[in-house]
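Residue 103 in numbering that gives the first Met the number 0 is what sits at position 104 of the sequence shown, and the numbering runs on without skipping anything. Where is the CB? At the ideal position from N, CA and C, for every residue including glycine. None of these values were measured; they are calculated from a predicted model. Structure, as structure tokens:
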Amino acid sequence: MRSRAVLSAGSNIGDSVGYLRSVLDAAGDDLVATSDVYRTAPWGGVEQDDFVNITLIVAGERTPREWLDFCRACERAADRVREVRWGPRTLDVDVVSVEVDGVPVASDDPELTLPHPRADQRAFVLVPWVQVDPDAELTVDGRARRVADLVAALDDAEAAGVTRAEAIR
Ligand SMILES: Nc1ncnc2c1ncn2[C@@H]1O[C@H](COP(=O)(O)OP(=O)(O)OP(=O)(O)O)[C@@H](O)[C@H]1O
Ligand SMILES: Nc1nc2c(c(=O)[nH]1)N=C(CO)CN2
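What follows is the structure, encoded as structure tokens:
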């Protein structure tokens, strides 16, 4: 199965940009495009250091579940441990959305919910996504929405917490 996935990677412990780069390296020839590195205020209410985030687009012969496995393998390679929900981490990689033959995959499986159920609220996902794909769309409540419009609708404080820091490639 050939599919195209949008992934979000974030880090706020250790060599954070190095961990983001490790995801691009692991994607290899499946990497289609990546955003720059964004410095982002922590989302989710846990007091912690700022994150760095990228949103990347990958395509290859993988099922949606195999993209999740890819994300988990990247996290394991970064010695990620799960402690606090939405807390600090060396590397978090989420599957934001997957398309097969240009059609978005919908799943309510708790192991892999698609599109990612909180992506539409996260400036740290949406702002880098628009940079890498200005015409991107995300299904929200069953309706295709332009990601650029979701960014425009973000709360001012949420949008202000996300700033472009540096190119990663
Ligand atoms: N689209 C998805 N991408 C990544 N993980 C998902 C997805 N849908 C469901 N999950 C499941 O969510 C579980 C928790 O993932 P994780 O620890 O990365 O959560 P988190 O990053 O703390 O929070 P969030 O899910 O809000 O990003 C994983 O075990 C995974 O199976
Ligand atoms: N800005 C930002 N906030 C977060 C992030 C992240 O990658 N970026 N990841 C989290 C883990 O679930 C929780 N909060």
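The DSSP-derived three-state label of residue 3 is strand. Boundaries of the beta strand (DSSP E) around residue 142: 142–145. Beta-bridge partners assigned by DSSP to residue 136: 145. Note on geometry: alpha-carbon atoms of residue 35 and residue 107 lie some 30 angstroms from one another. Three or more beta-carbon pairs drawn from the segment 45–59 and the segment 10–18 are found closer than 8 angstroms, and the two stretches are therefore classed as touching. With a contact defined as Cβ atoms closer than 8 angstroms, residue 32 and residue 53 miss out at about 10 angstroms. Annotated three-state conformation of residue 153 is coil, per DSSP.
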